[in-house]
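Residue 69 in numbering that gives the first Met the number 0 sits at position 70 of the sequence shown, and the numbers go up by one each step. Built from N, CA and C at the ideal position, the CB exists for glycine as well. Predicted, not measured: the structure shown is a model, and the values here were computed from it.
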Amino acid sequence: MDERLVYRTHPATVSMGDDYFELAHLEHFWVRRRLDVLRRLAGHKISEGARIAEIGCGHGILQRQIEDTFGKPVTGIDLNGPALLQNISRNSPILCYNILQRDQDLKSAFDVVLMFDVLEHIDDEDRFLDATKFHLAPGGALIISVPALQMLFSAYDVSAGHVRRYSSRRLLNALTRNGFEIELWTYWGAPLVPLLGLRKAVLAVSAKSGSSAYKTGFDPGGKLQNQSLWWLSSCEVIPQKLIGASVMAVTRKAA
């Protein structure tokens, strides 16, 4: 077992995990584009942060990217036992920990918290965001990304365990009412929106569900298709406020 992994709570098993681990890799176009948007929108926050954490780190894709890009460790926090055992980060701490526990030795422990593609899985987003704030130092930054546009909600989202997709207004309202000040935000993945609409239609017609729907919705296919989707997804200016497959926000813990 990885000596970096510390258990602060009993791990959980997430049913869609195996599919995600198989498909989400460092060269996946969406994984690469998400990092590119982060660098453009909030690279300075990562560069300046002394204590960085990721809530919902999974098997460590973003941790590894930040290690490789910024040369910094990122404390990974998750409850997904199988994911934590497959974590691909090199030198970052890993915690099996439920942030709702609010362990006192982790109060205000981090200057920067990353939460990518997590909040859409949470029923009680207010409770979860308030617990996130507990772990941030005064003036600390929460950088969050979630899938956008409820009209694109499909069998893929159901198979992925999504409760909702977000408009910018819904995300920003949730953040501000829970004590976060918005510094900057952007939609991203605008060129992919027609493809997500097509994905919804195909899944509806085929009546696929579960693992099959997830793979259909997230697998880019071969190397040529993956590279083509990377080029396509990069054809937008960041930040932009028009439309996107996801929305990312940079916030600060209010005084």
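8 angstroms Cβ cutoff met for residue i and residue j
i, j, result
"K240", "Y165", "no"
"A140", "L99", "no"
"A52", "H120", "no"
"V117", "I181", "no"
"G178", "V111", "no"
"V73", "Q85", "no"
"R7", "D102", "yes"
"K44", "I142", "yes"
"V246", "L170", "yes"
Pick from the options that is closest to residue i, judged by C-alpha positions
i, options, result
"H27", "F217, G178, I181 and D125", "F217"
"E124", "C56, A254, R163 and G138", "R163"
"T266", "A254, D122 and L78", "Residue 266 falls outside the range modelled here, since the chain spans only 0 to 254, and no answer is possible."
"S210", "L4, E21, E2 and R7", "E21"
"G160", "R3, T8 and Y19", "Y19"
"S88", "K207, H24 and I60", "I60"
"F109", "V192, G138, R126 and N90", "G138"
"L113", "G42, S167 and K222", "G42"
"V249", "G221, F127, N225 and F115", "F115"
"S227", "A212, R32 and H9", "R32"
"L25", "L223, H58, L128 and A82", "H58"
"P92", "L151, R50, S167 and R3", "R3"
"A212", "A200, G221, K222 and K132", "A200"
"F151", "S205, G75, R50 and V192", "Per the sequence presented here, residue 151 reads as Leu, with Phe not at that position. The candidate whose alpha carbon is nearest that of L151 is V192."
Heavy atom of the ligand NAP within 7 angstroms of residue i beta-carbon
i, result
"H43", "In the structure shown, the ligand NAP is absent, as is every other ligand, since no ligand is present at all."
Close Cβ partners of residue i (< 7 angstroms) along its chain, the five nearest in sequence each way excluded
i, result
"A11", "L78, N79 and G80"
"R198", "S153, Y155 and G216"
"L105", "H134"
"A23", "V30 and I60"
"I237", "V36, R39, L40, T185 and W187"
"N97", "T8 and L78"
Cβ-based neighbour list, residue i, same chain, cut-off 6 angstroms, excluding 5 preceding and 5 following
i, result
"L231", "P190"
"A173", "E124"
"V5", "L94"
"L34", "Q64"
"F127", "I121"
"A136", "S107 and D110"
Same chain, Cβ closer than 8 angstroms to residue i, five either side skipped, listed in chain order
i, result
"T203", "It is Ala, not Thr, that sits at residue 203 in the sequence shown. Cβ within range, chain order: S153 and A154."
"D122", "V162"
Touching or not, the region 229-249 and the region 145-155, by the rule of three or more beta carbon pairs under 8 angstroms?
Contact check between the region 229-249 and the region 145-155: three or more CB pairs, one atom from each, fall below 8 angstroms, which counts as touching.
Evaluate contact between the region 25-45 and the region 60-80, counting only Cβ atoms and requiring at least three cross-stretch pairs below 8 angstroms.
The way I'd put it, the region 25-45 does touch the region 60-80; three or more beta-carbon pairs between them come closer than 8 angstroms.
With three or more C-beta pairs closer than 8 angstroms as the rule, is the region 199-219 touching the region 154-174?
Using a C-beta cut-off of 8 angstroms, the region 154-174 makes contact with the region 199-219, since at least three inter-stretch Cβ pairs fall below that distance.
Could you tell me which uninterrupted beta strand (DSSP E) segments, each at least 3 residues in length, are contained entirely in the region 97-183, listed from first to last along the chain?
Scanning the region 97-183 from its first residue to its last, the whole beta strand (DSSP E) runs of 3-plus residues come out as 109-115 and 135-146.
Continuous alpha helix (DSSP H) assignments of at least 4 residues falling wholly in the region 174-234
Complete alpha helix (DSSP H) runs here, min 4: 192-205, 209-217 and 222-232.
Contiguous alpha helix (DSSP H) assignments of at least 4 residues, all confined to the region 14-57:
Runs found: 16-22 and 28-47.
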